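Numbers 15 to 206, taken from the working numbering, label the letters of the sequence shown in order.
The structure under discussion appears below in the form of C-alpha cells.
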Amino acid sequence: MNGRIFTRSLKLRFIFCGIYQKKIMKKQYFKSSLKVSFIIIFLSLFLIRCSSTKKVVSFNGNDVKNIIDSSQFTFVAERMNPMRGASRILTSYYDVEVKKDTLSSFLPFFGRSYQAPMDPSKSPLAFHSYNFTYKAQQKNKDQWQVFINPKDRQEIQQLLFTIFNNGTATLNVVSTNRDAISFYGHIVRNKQ
C-alpha cells in the first residue's frame, strides 16, 4: 500500500512538474517575444525617423560660390552644440535667412546668460537686423567662411558661417552677454 501511495505521489509530482515547467516555458516565451516586439518597434521608429529627415539639396563648388557671392541664402539648423552641455538634435524648424538688406534669425539658445534679459520668453537669437556687415572668404577649395556682424543688435557680436561645397554648414554665434553656441545644418538658396 505504501508502494502504491509512493508511485501515485511520484506520478502526481511528475504531472505537477510538467505543468509547472510548461508555465515557466510560457512565461519565458512571453518575455522573449516581448523583447523581440520592443526591438522591432524601436527599429521601425528609428527607420521612420531616418527616412523622414529633410533631404539636403546637393551643391557643387560653383553653386555654393554663387549663393555666397549673392548673399542670398538660408541656413537651416539641424543640431545645436551649446558651450555647456551635450549636443542636441533640433526637432523644430530653426533658420537664419540672409538677404542683401535683411538678416532674420530664428534660433534657440541654451547656455549661460551673464545679464538678465528684458523679456525672458523670447530667445536672444530670434531677431531681425537691417544694418550689418557681410564678409565672405574662401578658406580652401572646399570651404567658405561668411562673417556677419549686426550693428543694430548690440547683444550679438558675430555670426560665423562655415559653408562646405556640398551645402552643409556650421554656424558659430558669439554674443556679448551669453555663452557662445554652435549650430550644424545646411544651406538652401533663397527663393527670388
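Quick reminder that beta carbons are idealized off the backbone N, C-alpha and C, glycines included.
The model shown is predicted, which means the values in this text are computed figures rather than measured ones.
Ala183: buried (16+ other C-beta within 10 angstroms of its C-beta) or exposed?
Working through the sequence shown from its first residue, we reach residue 183 at position 169. Buried: at least 16 other Cβ atoms inside 10 Å.
Can you give me the C-alpha to C-alpha distance between Asn89 and Ser189, rounded to a whole angstrom?
In the sequence shown, counting from the first residue as 1, residue 89 sits at position 75. In the sequence shown, counting from the first residue as 1, residue 189 sits at position 175. Per the sequence shown, residue 89 should be read as Phe rather than Asn. Cα to Cα, Phe89 sits roughly 18 Å from Ser189.
Return the CA-CA distance between Ser196 and Leu185, expressed in angstroms with no decimal places.
Your numbering for residue 196 matches position 182 in the sequence shown. Your numbering for residue 185 matches position 171 in the sequence shown. Between Ser196 and Leu185, the alpha-carbon positions lie close to 6 Å from each other.
When you compare each of Gly199, Gly99, Phe175, Val187 to Lys149 by their alpha carbons, which one comes out closest?
On the sequence shown, residue 149 is found 135 positions in, with the first residue counted as 1. Distance from the Cα of Lys149 is smallest, within the candidate group Gly199, Gly99, Phe175, Val187, for Phe175.
Would you list the one or two residues that DSSP bridges to Tyr198?
Here residue 198 refers to the residue found at position 184 of the sequence shown. Answer is Arg93, Thr184, bridged to Tyr198.
Any idea what DSSP makes of Asn154, helix, strand or coil?
Within the sequence shown, the letter at position 140 stands for residue 154. Strand at Asn154.
Around the C-beta of Ser91, are 16 or more other C-beta atoms found within 10 angstroms, so that it is buried, or is it exposed?
Counting from 1 along the sequence shown, the entry for residue 91 is found at position 77. The sequence given here has Ala at residue 91, not Ser. Its Cβ being crowded by 16 or more others within 10 Å, Ala91 is buried.
In the DSSP assignment, what residue or residues form a beta bridge with Pro164?
Here residue 164 refers to the residue found at position 150 of the sequence shown. In DSSP, Pro164 forms a bridge with Phe146.
Would you say the stretch 103 to 110 touches the stretch 76 to 83, given that touching needs at least three Cβ pairs under 8 Å?
no
Looking only at DSSP bridge pairs, what is Glu111 linked to?
The residue labelled residue 111 in the question sits at position 97 within the sequence shown. In DSSP, Glu111 forms a bridge with Thr88, Ser118.
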